[in-house]
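**Student:** Before I ask anything, here is the structure I am working with.
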Amino acid sequence: MSCSIASEDDLTRRFALPIQYIVPFTSRKNSVFLVRYHGKLAVCKHFKSVESAQKEWTLLFRLKSIGIPAPNPITLFGNWSIREFVDGVPISDLIDMDSHNIRWITPLAIWLYSFHRYVNLKLGDVNLRNFIFQEENRAIYAIDFEDVSQGNPLEDIGDLVVHILTHRPEFTDNKFRMATTLIKSYSDIAKISRKSIINELYDAFLRAAVRRRNLSILNFFHFVKKIDSLLEPSI
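Every letter in the sequence shown is one number past the one before it in the numbering used here, and letter 218, counting from 1, is 210.
The following block contains the structure:
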């Protein structure tokens, strides 16, 4: 769903600051705009509540303080915020441009492990478009933190594997390669059993089925078993 449209005057009035409106981003949850603020590209975000805005704002400062790549917060006004624009390519677009490119997978696994270990939360929304890859320094930035909560961090990995496998074209050999590479990378970095991630995949597929209503439950076991078999020689 496209975000709602706000004019340059609307944004300027709300912040009492000169903001050059550029274009709205696509967002399912909020209104998000690319703007020019003090001559630099920035992202202006309108949250549904002040609490949601403050929650993400506080976390951005926390991530900055511990060195986990995320947009720098600039200013907050009620349920509106302005933050740094992160240049790079969303992973969803990167897969569309080059389905054989897996250079982003290890940096993503490192980012997720750092977030899970040092923030001690799960990200929640691991849609591929919420991760920006900077090719020149092989860095990953996450850009959406509204759904962050307490919980099992392996849910993020399971949900991310499902997002990868169901990114069109779905369930190709390349998608299984990406999924298994992510599992290997994260399990090696976190020093956990790959079987623990495999076990989480069943619940991840069930969550996807409820959310999307277009995945056959009869295929869940087949997909998970295939990943398990691809991982088996190196477990």
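Glycine is no exception: its CB is placed at the ideal position from the N, C-alpha and C atoms.
(1) Taking the C-alpha atoms as reference points, what is the distance between residue 93 and residue 219?
(2) Pull up the distance between the alpha-carbon of residue 114 and that of residue 170, whole angstroms please.
(3) Look at the alpha carbon of residue 81 and the alpha carbon of residue 140, and state the distance between them as a whole number of angstroms.
(4) Taking only runs of the alpha helix (DSSP H) that begin and end inside the segment 88 to 167, which ones reach a length of at least 4 residues, in chain order?
(5) Residue 47 by DSSP, collapsed to three states: which one?
(6) Would you call residue 50 buried or exposed, if buried means 16 or more other Cβ atoms sit within 10 Å of its Cβ?
(7) How far does the alpha helix (DSSP H) with residue 188 in it reach, from first residue to last?
(8) What is the rounded straight-line gap between the Cα of residue 150 and the Cα of residue 178?
(9) Run through DSSP, which three-state label would residue 42 get?
(10) In whole angstroms, what is the alpha-carbon distance linking residue 129 and residue 98?
(11) Considering just the uninterrupted stretch of the beta strand (DSSP E) at residue 67, what are its terminal residues?
(12) Would the segment 154 to 161 count as touching the segment 104 to 114 if we require 3 or more Cβ pairs under 8 angstroms?
(13) Can you list, in chain order, the residues of its chain with a C-beta nearer than 8 angstroms to that of residue 216? Leave out the 5 residues immediately preceding and following it.
(14) Can you tell me which of the three DSSP states residue 15 falls into?
(15) Any idea which residues DSSP pairs residue 237 with across the strands?
(16) Which residues in the same chain have their Cβ closer than 8 angstroms to the Cβ of residue 52, if we skip the five residues on either side of it in sequence?
(17) Quick check on the burial criterion: 16 or more other C-beta atoms within 10 angstroms. Buried or exposed for residue 211?
(18) Considering just the uninterrupted stretch of the beta strand (DSSP E) at residue 28, what are its terminal residues?
(19) Contact check, residue 24 vs residue 37 under 8 angstroms by CB: the rounded distance?
(20) Out of curiosity, what's the CA-to-CA distance linking residue 106 and residue 132?
(21) Taking residue 21 as the reference, which of 79, 162 and 40 has the closest Cα?
(22) Quick check: what's the CA-CA separation for residue 201 versus residue 58?
**Tutor:** Once the coordinates are examined:
(1) 19 angstroms
(2) 21 angstroms
(3) 22 angstroms
(4) 97 to 111 and 146 to 157
(5) helix
(6) exposed
(7) 186 to 204
(8) 11 angstroms
(9) helix
(10) 13 angstroms
(11) 65 to 69
(12) no
(13) 190, 193, 194 and 197
(14) strand
(15) Because the chain here runs from -7 to 227, residue 237 falls outside it and cannot be looked at.
(16) 62, 63, 64, 65, 75 and 137
(17) exposed
(18) 23 to 29
(19) 5 angstroms
(20) 11 angstroms
(21) 40
(22) 36 angstroms
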